[in-house]
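A short write-up of the structure that comes next.
In this note's numbering, the protein residues as written are 294 to 425.
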């Protein structure tokens, strides 16, 4: 059985990469912000990215339950998309760090959902072709 890939990466690997990027960005933006004391909301990308990273790792290590981990990752991606979409309502009152965070959440959420949906379709087609 061939595995679905996007740009040469499996969906769990994409989850790990996206989760790492969001986690690192959340930490960077928390320490770079100019407010005193730092606002915990700067860590929102990390709060969403770290679980995605963990789900990606679990998915790579536990192939039997991969579909469960990837469905949970898709739910996280939907939350990311909805949270990142706030930028559409007005970014004039946002800091540069907040704008970047919202754009990252939007990009990661939408792209991961697209790749995940394609992966789910691919898996279903393979199951149907094999008669399972």
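Ideal placement from N, C-alpha and C gives every residue a C-beta, glycine not left out.
Which residue marks the beginning of the alpha helix (DSSP H) containing residue i, and which one marks its end?
{"i": "residue 337", "result": "337 to 354"}
{"i": "residue 384", "result": "Element bounds for residue 384: n/a, residue is neither H nor E."}
{"i": "residue 327", "result": "No alpha helix (DSSP H) contains residue 327, which DSSP labels as neither H nor E."}
{"i": "residue 300", "result": "Residue 300 -> no alpha helix (DSSP H), and no H or E assigned at all."}
{"i": "residue 370", "result": "359 to 377"}
Under 6 Å Cβ to Cβ from residue i, same chain only, skipping five residues before and after it: list those, please.
{"i": "residue 323", "result": "331, 335 and 336"}
{"i": "residue 403", "result": "374"}
Any idea if residue i is buried or exposed, counting beta-carbon neighbours within 10 angstroms, 16 or more meaning buried?
{"i": "residue 307", "result": "buried"}
{"i": "residue 311", "result": "buried"}
{"i": "residue 340", "result": "exposed"}
{"i": "residue 302", "result": "exposed"}
{"i": "residue 364", "result": "exposed"}
{"i": "residue 356", "result": "exposed"}
{"i": "residue 317", "result": "exposed"}
{"i": "residue 319", "result": "buried"}
{"i": "residue 422", "result": "exposed"}
{"i": "residue 360", "result": "exposed"}
Going by beta carbon distance, what residues of the same chain come within less than 8 Å of residue i, once the five residues before and after it are set aside?
{"i": "residue 408", "result": "299, 304 and 307"}
{"i": "residue 390", "result": "322, 325, 326 and 335"}
Skipping 5 residues on each side, what residues in its chain have a beta carbon closer than 7 Å to that of residue i?
{"i": "residue 415", "result": "297"}
{"i": "residue 344", "result": "369"}
{"i": "residue 333", "result": "none"}
Is any heavy atom in the ligand FAD found nearer than 8 Å to the beta carbon of residue i?
{"i": "residue 319", "result": "The ligand FAD is not among the ligands present in this structure, which contains no ligands whatsoever."}
Validate contact between the region 382 to 392 and the region 346 to 356 using beta carbons, cut 8 Å, 3 pairs
Counting Cβ pairs under 8 Å, fewer than three are found: no touch.
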